[in-house]
Amino acid sequence: MLFKIFSIDQKKLKYKYFVIMLSEVKPYEIIDKIEQKLRSLKKGKGLVLFDLTLGNLNKDARYIEATFDGENIDIWSFKIVKNVPEFFKKKSFNYLAKNYKYVESSFLTSAEKFRFKNKIFVNN
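Counting from -9, one number per residue, gives the positions in the sequence shown under the numbering used here.
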C-alpha cells in the first residue's frame, strides 16, 4: 500500500480528505491512483491534506494540500502547509504507530522511529 486516505466529516476543519503517504513516493507520482480512491469515496469536492512524513527529509514540507474537484486533483494547487491542526498530526501518528512496518522502512531517523514504536506523540 502506498497511501491511506481518511474522509474527514468535521465541519470545523477545512480539509475534507487526509492522505498519509506510506513510502517515499510523492502524491503527484501516483496522482491517478489517489484520484481514483477519492472518487470511490463519493464525498465530492474538497481540500486534501497530504502527510509526507515517511518519505520527506525536509520537515518544513511535511504537509502539503491540494484541491480535489470531485473528479481530479488540481496539480497546480499543491502547496506547503505550515500550521496543521493537531487533529491531523495525532491521526497520522496513531495510524503510523499502529502500522509500524511503514515507519521501519522510512527515511525517519532512529530517534523518530523510536517515538512511533513506543507511541510517544510530540506535537511539532
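Even for Gly, the Cβ is constructed at its ideal location relative to N, Cα and C.
In chain order, each beta strand (DSSP E) run of at least 3 residues that lies wholly inside the stretch 11 to 99: Considered as a whole, the stretch 11 to 99 harbours 36 to 41 and 53 to 58 as its complete beta strand (DSSP E) runs of no fewer than 3 residues, in chain order.
Nearest residue (CA-CA) to Lys6, options Val93, Gly60 and Glu14: With distances taken between Cα atoms, Lys6 lies closest to Gly60.
Inter-residue Cα distance where the pair is Ile(-2) and Val38: Taking the Cα positions, Ile(-2) is about 10 Å away from Val38.
8 Å Cβ cutoff, Asn73 in contact with chain B: Among the protein chains of the structure shown there is no chain B, as only one such chain exists.
Status (buried if at least 16 other CB within 10 Å, exposed otherwise) for Asn114: Label assigned to Asn114: exposed.
Three-way DSSP call (helix, strand, coil) for Phe(-4) in this model: Look at Phe(-4) here: in three-state DSSP terms it is strand.
Sequence-distant residues of its chain with Cβ nearer than 7 Å to Asp64 (five each side left out): Only Ala56 and Thr57 meet the Cβ criterion.
Three-state class that DSSP yields for Lys6 in the structure shown: Strand at Lys6.
Helix, strand or coil at Lys1 according to DSSP, with G and I counted as helix: Here DSSP, grouped into helix, strand and coil, assigns Lys1 to coil.
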